[in-house]
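Peer 1: Could you have a look at this structure, given as structure tokens, before my questions?
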Amino acid sequence: MPHLVLLYTPDLEREADIPGLCRALADSMLAQRDEQGKAVFPTGGTRVLAYPATHCAVADGNGDYGFLYANLRMGTGRSAAVHRRVGDSLLAVLRTCLGDILEQRPVGITLQIDEGQAQVYDGKHSSLHPLFNKTS
838 MPHLVLLYTP DLEREADIPG LCRALADSML AQRDEQGKAV FPTGGTRVLA YPATHCAVAD
898 GNGDYGFLYA NLRMGTGRSA AVHRRVGDSL LAVLRTCLGD ILEQRPVGIT LQIDEGQAQV
958 YDGKHSSLHP LFNKTS
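Each residue of the sequence shown is one higher than the one before, counting from 838 in the numbering used here.
Written as structure tokens, this is what we have:
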């Protein structure tokens with residue numbers, strides 16, 4: 838973890854660089870630092886996944902409306918200030934990357950951040966972490 842999942846109206850794929858958006862969001866996450874200057878998120882655990890909604894309805898259906906929902910799930914233990922900085926940074930990336938589209942037509946963006954406080958199971962297996970946790 839962290840996992841940032843994007844769900845969006847399929848029409849955005851014609852107008853937006855979704856792979857570029859994913860990379861920009863991941864880079865923003867990896868750039869985050871806590872109050873002690875430590876990385877907020879582990880490199881090997883950072884993932885951004887994007888999916889067009891196969892079926893969707895937005896607002897009253899009488900316009901050319903788009904929507905992007907972003908949900909960041911992260912483990913517990915980060916301060917409210919870190920939550921705010923991460924959220925503000927990710928929202929800024931979304932607004933920048935989708936800026937031209939936002940100026941041309943109505944598109945809603947929602948970003949939510951959830952901490953896994955009530956997890957009952959958290960299984961992990963990764964061959965990514967060893968790539969980034971090597972001792973110099």
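All residues carry an ideal CB built from backbone N, CA and C; glycine is no exception.
Could you tell me how far apart the beta carbons of S922 and P839 are, in whole angstroms, since I believe they sit closer than 8 angstroms?
Peer 2: In the sequence as displayed, the identity of residue 922 is Arg instead of Ser. Wrong, their Cβ atoms sit about 14 angstroms apart, outside the cutoff.
Peer 1: Can you give the Cα-Cα distance for V919 and Y906, rounded to whole angstroms?
Peer 2: The alpha-carbon atoms of V919 and Y906 are separated by roughly 21 angstroms.
Peer 1: Let's see if you can read the secondary structure: which residues bound the beta strand (DSSP E) around G903?
Peer 2: G903 to M911
Peer 1: Checking the sheet assignment: what are the DSSP bridge partners for I938?
Peer 2: I938 pairs with nothing; no bridge assigned.
Peer 1: Using the Cα positions of H892 and G874, report the straight-line distance between them to the nearest angstrom.
Peer 2: In this structure, the CA atom of H892 is about 42 angstroms from the CA atom of G874.
Peer 1: Taking the alpha carbon of P943 as the point to measure from, which residue in G900, N908 and F878 has its own alpha carbon closest?
Peer 2: G900
Peer 1: What residue from G924, M866 and R932 has the CA that sits closest to D854's CA?
Peer 2: R932
Peer 1: Helix, strand or coil for P889, going by three-state DSSP, please let me know.
Peer 2: P889: strand per DSSP, three-state reduction.
Peer 1: In this structure, does DSSP put L844 in helix, strand or coil?
Peer 2: strand
Peer 1: Just to check my reading of the structure: D848 and G936 have Cβ atoms closer than 8 angstroms, yes? What is that Cβ distance to the nearest angstrom?
Peer 2: In fact, because the Cβ distance is near 17 angstroms, the residues do not count as touching under 8 angstroms.
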